[in-house]
Ligand code: PMP
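Numbering (full-length UniProt numbering), first residue to last: 14 to 429.
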């Protein structure tokens with residue numbers, strides 16, 4: 014016997030399980046629309062050109078400190094560039110250095126083990142210190158939100174995020190649920206842009222109303238920012254909701270979990286940050302004590318976040334020339350995804366596939382809720398070797414010129 018024989022069973026993580034099934038399939042026509050990673054039109058991973066350039070620079074500099082420990086908080090220059098990307102302090106520098114500086118003072122940042130680690134650290138800090146009544150999780154959401162808040166032992170409730178009739182964000186359902194049932198000190202998870210899994214986002218007007226609701230009710234917004242710049246190609250646009258609440262409702266305190274997995278293609282390097290935005294009225298000693306508490310949690314878990322990937326991001330964001338190249342790489346990725354949305358839509362229209370497919374081009378980012386039922390998803394995998402999540406979430410970046418027609422015909426086959 015084993016002392017572990019009584020362990021409860023844990024279901025496999027769906028995106029990774031679907032990816033494994035795809036790899037085991039020997040059919041040459043197989044298509045992987047499961048896992049959320051960028052692929053080129055040849056179906057290969059794409060180390061960003063700018064990342065390769067930064068890596069070369071770092072390698073050639075052969076700094077003797079390059080494998081030393083970071084501070085517990087992480088790399089200070091990386092953090093300041095990362096926070097600036099989210100909040101846009103630099104945009105205010107032109108008008109007044111003091112205004113920009115005051116804004117910087119309102120944000121406490123710590124380097125994390127990518128976006129997952131930022132979500133986890135933020136959840137742990139809130140759970141231990143703020144003791145939220147519950148966390149409001151969008152239904153549906155990135156499945157790991159459930160695991161993360163489970164581990165933090167905060168009660169979970171759902172708000173209806175997606176309207177499957179209009180195939181869009183369910184603003185009325187969300188607003189009604191939160192305004193009726195959410196209480197002060199509850200947390201609400203908000204995908205800052207390119208909602209995973211639906212690809213459906215609130216409009217700016219809707220964001221304003223949600224932000225105002227959080228302010229009035231004392232709900233704590235927790236932004237998950239995993240696709241900044243990757244979604245629209247414009248890092249500023251993708252951070253609109255966060256910047257709105259930070260600048261226009263400057264007493265609302267909130268968290269941002271920032272990931273560099275997608276927008277730098279640094280998935281396995283685990284680069285990210287957690288930013289805590291403080292009220293403009295917060296007493297001055299709050300930020301140093303908040304940082305000390307975050308550092309305490311990190312120290313006990315893993316001492317500090319890894320260094321390699323953050324060096325790359327710091328090198329790129331800190332250089333005018335490389336930053337420009339990064340924007341070009343973001344455009345390459347976001348435009349290819351947009352093209353594939355249009356290509357899939359066009360093929361389905363050409364086939365006269367029953368149903369309305371406009372959501373494919375209205376939705377944004379890496380994913381779309383294609384609108385297949387669970388049994389249609391099983392059928393498309395069995396009959397056509399096309400892999401996607403059972404919810405019908407497809408990763409658009411698995412499509413390319415070679416397979417998009419095949420995928421459209423397969424969708425047509427299973428919905429008829
Ligand atoms: N949040 C959301 C909504 C995501 O889609 C992802 C990436 N799948 C993440 C967070 C975090 O990913 P990572 O830990 O690789 O940064």
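Just so you know, even glycine gets a beta-carbon here, dropped at the ideal spot from N, CA and C.
Spell out the partners DSSP gives residue 114 in its beta bridges. Beta-bridge pairing links residue 114 to no other residue.
Does DSSP put residue 36 in a helix, a strand or coil? helix
Please determine whether the Cβ atom of residue 129 lies at a distance below 7 Å from any heavy atom of the ligand PMP. yes
Range covered by the alpha helix (DSSP H) that runs through residue 433: This structure does not reach residue 433, given that the chain is present from 14 up to 429, and the question cannot be answered.
Within 7 Å: the Cβ of residue 239 and any heavy atom of the ligand PMP? yes
Whole angstroms are fine: how far does the CA of residue 242 sit from the CA of residue 126? 20 Å
Note down, in chain order, each residue of its chain lying with its Cβ closer than 8 Å to the Cβ of residue 167, except the 5 sequence neighbours on either side. 136, 139, 140, 145, 147, 148, 200
Residue 89 versus residue 389: straight-line alpha-carbon distance, rounded: 49 Å
Please list, in chain order, all residues of the same chain as residue 254 whose beta carbon is under 6 Å from its beta carbon, the five residues on each side excluded. 205, 220
Within 10 Å of its beta-carbon, does residue 178 have 16 or more other beta-carbons around it, so buried, or fewer, so exposed? exposed
Among the candidates 379, 413, 364, 407, whose CA atom is the shortest distance from the CA of residue 429? 364
Spatial distance of residue 325 from residue 169 (CA atoms): 36 Å
Given residue 63, which residues of its chain have a CB within under 6 Å of its CB, disregarding the five upstream and five downstream residues? 329, 335, 338, 339, 342
Do you know how far the Cα of residue 192 is from the Cα of residue 106? 37 Å
Inter-stretch contact at 8 Å, needing at least 3 Cβ pairs: the region 35-43 / the region 52-61: no
Could you pull the DSSP bridge partners for residue 406 from this structure? 382
The ligand GTP heavy atom lying under 7 Å from the CB of residue 59: In the structure on display, the ligand GTP does not appear, and the ligands it does have are the ligand PMP.
Quick one: what's got a C-beta closer than 7 Å to residue 202's C-beta in the same chain, skipping five residues either side? 148, 149, 150, 151, 154, 158, 235, 237
Per DSSP, the bridge partner or partners of residue 122: 288
From the DSSP output, read off the bridge partner residues of residue 237. 204, 270
Between the Cα of residue 309 and those of 87, 67, 20, 52, spot the shortest distance and give me the residue it belongs to. 87
For residue 45, which residues does DSSP report across the bridge? 400
Mark residue 80 as exposed unless 16 or more other C-beta atoms lie within 10 angstroms of its C-beta, in which case mark it buried. exposed
Got a sec, what are the start and stop residues for the alpha helix (DSSP H) residue 501 sits in? Since the first residue of the chain shown is 14 and the last is 429, residue 501 is not available in this structure.
C-alpha distance - residue 431 paired with residue 16, whole-angstrom precision: Any answer about residue 431 is impossible in this case: the structure gives the chain only from 14 up to 429.
Beta-bridge pairing of residue 60 - partner residues as DSSP gives them: Residue 60 pairs with nothing; no bridge assigned.
Which residues in the same chain have their Cβ closer than 8 Å to the Cβ of residue 331, if we skip the five residues on either side of it in sequence? 90, 94
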